[in-house]
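Each remark here refers to the structure printed beneath this line.
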Amino acid sequence: MENCKVIVGIDVSSKDSTVCVLMDKVRQGKTFKISNDMVGFQQLYKRLRLYSVIPLIVFESTGVYSLSLQAFLEKKHIQYLKLNPLKAKKLMDNNLRHNKTDQVDAYRLALIQFNAPQKLLKPQSRAYHEMQNASRYYEELNKAMVVAKNQLHRNLQTTFPQIENLMCHPTGKIYWSVVALFPHAQAVLDSNKEHILGELETISGLSQKKAEYLTQRLISLARLTCAYDNKDSIVIRAIQRNIASLFSLDQEKKEALTYLYKLASKNQADTRILTIYQSIPGIAKTTALRLLAELGDLRRFLIECQSLL
């Protein structure tokens, strides 16, 4: 954008943004603030329309805070340059005279584009942003599951700690179902073998032979348990809540992945990239999908090294 004579630097923060307009490197009035909402953006738009040439907007990517501004600029078909904060600092260090402790502000953002013009990249499809949303939602669900598992482990320590030795790995739908049926060792001891077996046979995916084995294991582990809380304790309700949360989160994770795959399958180029990711040793379908979501459309990078900036 060497021919662009008006460049607007915008320093975006959480609540508002600072705006500085430069024409041929000369400040046009004082910097001013706008709110990060439609009122503030309309105020900015009115100022931009005062110039005979179309200004270029320069701002740093500040996570979710800069997305509202970006959405408004795209809606008004205003060209913008969104800089990675690390790249903006590097460009300032290499091209502007400044003190070592100076921060990248609205004025310097605009000046950077005059002194070291950056090529404008075509904004990638909103579909990639939605895929990123799905990927990050999946990560939130993962973290929530870790919390629920830790809570379940803690609650079981006072009612039936030995049940965690029931299977090789104390996790998964079958294990959670067993715990939901017998959250306290006394619940096992108060039942006979036939009743326990009958309860286990209601669990989906559990074979007859496996149910018989788990019945015997449950009885053995219950006899080893010295529970602190009794079977009527409110801790039992907490355990049931933990189990319900784990089932719900597990299902939500599957639906988030299905949605992510559906988005990725709409574009033939994305399908090819997904196949390439999965061809890398150690990368399964879930990881490949999340890589695609986080990295987005790699074709938007004009030169290979830009993907590292």
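Residue 534 is where the sequence shown starts when you use the numbering used here, and the numbers rise one by one after that.
Don't be surprised by glycine CBs; every beta carbon is placed ideally from N, CA and C.
Self-check item: Neighbourhood of Glu-837 by C-beta, 6 angstroms cutoff - its chain only, sequence neighbours within 5 removed
Solution: Counted from its first residue, the sequence shown places residue 837 at position 304. At Glu-837 the pLDDT is 46, less than 50, meaning the model places this residue with poor confidence; the figure from the coordinates comes in the next sentence. Counting only Cβ-Cβ distances below 6 angstroms, and skipping sequence neighbours, we find nothing.
Quiz item: Which residues mark the beginning and the end of the alpha helix (DSSP H) in which Met-664 is found?
Solution: Position 131 of the sequence shown, counting from 1, holds the residue named residue 664. Where Met-664 is concerned, the enclosing alpha helix (DSSP H) stretches over 659 to 689.
Quiz item: By DSSP, does Lys-538 sit in helix, in strand, or in coil?
Solution: Working through the sequence shown from its first residue, we reach residue 538 at position 5. Here Lys-538 sits in coil by DSSP.
Quiz item: So what does Phe-780 bridge to, in DSSP terms?
Solution: Numbered from its first residue, the sequence shown carries residue 780 at position 247. Note: Phe-780 sits in no beta bridge, so no partner.
Exercise. In angstroms with no decimal places, state the Cα-to-Cα distance between Tyr-810 and Gln-576.
Key: Residue mapping note: residue 810 aligns to position 277 of the sequence shown, counting from 1. Residue mapping note: residue 576 aligns to position 43 of the sequence shown, counting from 1. Taking the straight line joining both Cα atoms gives about 45 angstroms.
Practice problem: Taking Ser-647 as part of the alpha helix (DSSP H), name the residues at either end of that continuous run. | Solution: Indexing the sequence shown from 1 puts residue 647 at position 114. The amino acid at residue 647 is misidentified as Ser; the sequence shows Phe. From DSSP, the alpha helix (DSSP H) with Phe-647 extends over 639 to 648.
Exercise. Just mark His-717 as buried or exposed, buried being the case when its beta carbon has 16 or more other beta carbons within 10 Å.
Key: Reading the sequence shown from its first residue, position 184 is the one you call residue 717. Under this definition His-717 is a buried residue.
Quiz item: Name the DSSP bridge partner or partners of Phe-605?
Solution: Against the sequence shown, residue 605 aligns to sequence position 72. In DSSP, Phe-605 forms no bridge with anything.
Quiz prompt | Distance, Arg-687 Cα to Glu-732 Cα | solution = The residue you call residue 732 lines up with position 199 of the sequence shown. The residue you call residue 687 lines up with position 154 of the sequence shown. Near 25 angstroms, if we compare the C-alpha coordinates of Arg-687 and Glu-732.
Quiz item: What is the DSSP secondary structure of Phe-565, reduced to helix, strand or coil?
Solution: Position 32 of the sequence shown, counting from 1, holds the residue named residue 565. Phe-565: strand per DSSP, three-state reduction.
Quiz item: Where does Arg-560 sit, in a helix, a strand or coil, going by DSSP?
Solution: Position 27 of the sequence shown, counted from the start, is the residue given in the question as residue 560. The answer is strand: DSSP assigns Arg-560 an E or B state.
Quiz item: With burial defined as no fewer than 16 other Cβ atoms inside 10 Å of the residue's Cβ, what is the status of Gln-749: buried or exposed?
Solution: Position 216 of the sequence shown, counted from the start, is the residue given in the question as residue 749. Classification of Gln-749: exposed, given that the 10 Å Cβ count is below 16.
Self-check item: Neighbour-count burial assignment, Val-861, 16 or more Cβ in a 10 Å radius
Solution: Only positions 534 to 842 of the chain appear in this structure, which leaves residue 861 out of reach.
Practice problem: With a cut-off of 8 angstroms on the beta carbons, I'd call Asp-830 and Ser-601 a contact; round off their distance for me. | Solution: Within the sequence shown, residue 830 is the residue found at index 297, counting from 1. Within the sequence shown, residue 601 is the residue found at index 68, counting from 1. That belief does not hold up - the Cβ atoms of Asp-830 and Ser-601 are roughly 22 angstroms apart, past 8 angstroms.
Self-check item: Three or more C-beta pairs below 8 angstroms linking the stretch 789 to 796 and the stretch 816 to 831
Solution: By the Cβ criterion, the stretch 789 to 796 is in contact with the stretch 816 to 831, since at least three pairs of Cβ atoms, one from each stretch, lie closer than 8 angstroms.
Exercise. Look up Tyr-613 in the DSSP assignment and give the residues it is bridged to.
Key: As a first step, residue 613 must be located in the sequence shown, where it is residue number 80. Per DSSP, Ile-590.
Quiz prompt | Pairwise C-alpha distance: Ile-696 and Leu-754 | solution = Your numbering for residue 754 matches position 221 in the sequence shown. Your numbering for residue 696 matches position 163 in the sequence shown. Going by the C-alpha atoms only, they are around 6 angstroms apart.
Self-check item: Arg-641, buried or exposed, once every other Cβ within 10 Å from all chains shown has been counted against 16
Solution: Taking the sequence shown and counting its residues from 1, the one referred to as residue 641 is at position 108. Buried, since its Cβ has 16 or more Cβ neighbours within 10 Å.
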